[in-house]
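In this note's numbering, the protein residues as written are 1 to 263. Where is the CB? At the ideal position from N, CA and C, for every residue including glycine. One structure is given below, encoded as structure tokens.
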Amino acid sequence: MNKVLLDRFFPPNEPFSRPLRVRPYKKERPLTKHEIATALSKCSPTSAPGPDRNPYCIWKRVNQINQSVLLEILSPLVSLGYHSASLKGSNGILLNQVGKPSYESPALSRIIVLIRTISKILERIIASRLLLVPRSKGLLHPNQCGSLPGLSTYDAVLTVFNDVRTLQRPCLKVSSHFLDVKAGFDNSTLARILREGGIPHYLVSWVSSFLGERSCTLVFQGPPGTPAPGNVSAPRGSPISLLLFLLYVAPLHFRIPRGLLIS
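This is the structure:
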């Protein structure tokens, strides 16, 4: 059962190529106490912790007492462009979809992935840094609504609603086409997009390290079982997963001769 669920929710994916050696990058911006404090301010104390079982309230308290603790732990990972293997493990909580007559198929289940809280603090920091580059270089679609600060799904709904009503007033016919992209992304393609898009080398290196050699322990009734390697794309629940996915699908956006394209 464990293998069937892993194959369903974490299908094999091509891994990133690992660097021959880990070395510090000279041009990376040093991690600051302000970045750590900002990331912690966005972390809910009620969020369930991952395998480390340390809720965010512990790290917030630690940072209040001594701001150098998290700074000294996370700074080397930023300067090396490296995500430690000890931070990559996660717990996958298995939940059955409500109201189904049978649960024999893995498709009738869903998984909530719980990541180590200290890892998610660093992921928020990297996501904040990574977000600045794509917007300045035009790597994200200008009408991207949701998953980014500034425009929400609510803005997308209002925009479509306004355009439909505007075209209907002169009795024009309006049609729409919706495309749902699923199943994550290919890691090697993402790496190429980041490199060709001018993303700093230390961020590309960190992303490749972050996505490689991950493991997930599926949690059924009772305690967690044995960790199983999951060569997956960005883990669900990660603060940086949505941004990486948006960067991956951005080249799919095309120019249409007439009409509105909302991402």
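Where the beta strand (DSSP E) containing residue i begins and where it ends
| i | result |
| --- | --- |
| Cys216 | Ser215 to Val219 |
| Leu277 | Past the edges of the chain, shown from 1 to 263, lies residue 277, and the structure says nothing about it. |
| Ile114 | Inspection of the sequence shows that residue 114 is occupied by Leu rather than by Ile. Unbroken beta strand (DSSP E) run through Leu114: Ser109 to Ile115. |
Delimiting residues of the alpha helix (DSSP H) encompassing residue i
| i | result |
| --- | --- |
| Ser41 | Lys33 to Ser41 |
| Ser79 | Ser68 to Leu80 |
| Arg236 | Careful: Arg236 lies outside any alpha helix (DSSP H) and carries neither H nor E. |
| Ala191 | Asn187 to Glu196 |
| Val249 | Ser241 to Val249 |
| Arg29 | Arg29 -> no alpha helix (DSSP H), and no H or E assigned at all. |
| Cys145 | Cys145 -> no alpha helix (DSSP H), and no H or E assigned at all. |
| Asn162 | Thr153 to Gln168 |
| Ile262 | Note, Ile262: premise wrong, no alpha helix (DSSP H); not H, not E. |
| Lys60 | Tyr56 to Ile65 |
| Val207 | His201 to Leu211 |
C-beta atoms of residue i and residue j nearer than 9 Å
| i | j | result |
| --- | --- | --- |
| Ile126 | Val207 | yes |
| Asn91 | Thr217 | yes |
| Arg124 | Lys26 | no |
| Tyr56 | Ser68 | no |
| Ile111 | Leu95 | yes |
| Leu203 | Val157 | no |
| Leu243 | Leu179 | no |
| Phe210 | Val249 | no |
| Leu80 | Gln97 | no |
| Lys137 | Gly197 | yes |
| Lys88 | Ser128 | no |
Distance, residue j Cα to residue i Cα
| i | j | result |
| --- | --- | --- |
| Thr159 | Ser86 | 44 Å |
| Pro142 | Ala234 | 23 Å |
| Lys173 | Leu260 | 14 Å |
| Ile65 | Leu40 | 14 Å |
| Arg214 | His83 | 11 Å |
| Pro24 | Ile199 | 17 Å |
| Arg29 | Thr38 | 16 Å |
| Val219 | Gly50 | 11 Å |
| Asp155 | Arg135 | 19 Å |
| Leu167 | His177 | 16 Å |
| Ser75 | Pro170 | 60 Å |
| Phe161 | Thr153 | 12 Å |
| His201 | Val62 | 31 Å |
| Asp52 | Ser205 | 25 Å |
| Pro45 | Lys60 | 9 Å |
| Phe254 | Val164 | 21 Å |
| Lys182 | Asn54 | 31 Å |
Presumed contact (8 Å Cβ cut-off) between residue i and residue j, rounded CB distance
| i | j | result |
| --- | --- | --- |
| Leu151 | Leu246 | Contact flag wrong, Cβ pair sits at about 12 Å. |
| Ile58 | Cys145 | Wrong, their Cβ atoms sit about 35 Å apart, outside the cutoff. |
| Ile193 | Pro251 | 7 Å |
Closer than 8 Å is the cut-off here; do at least three beta carbon pairs connect the segment 115-122 with the segment 234-252? yes
Count Cβ pairs between the segment 67-84 and the segment 30-42 that sit closer than 8 Å; are there 3 or more? yes
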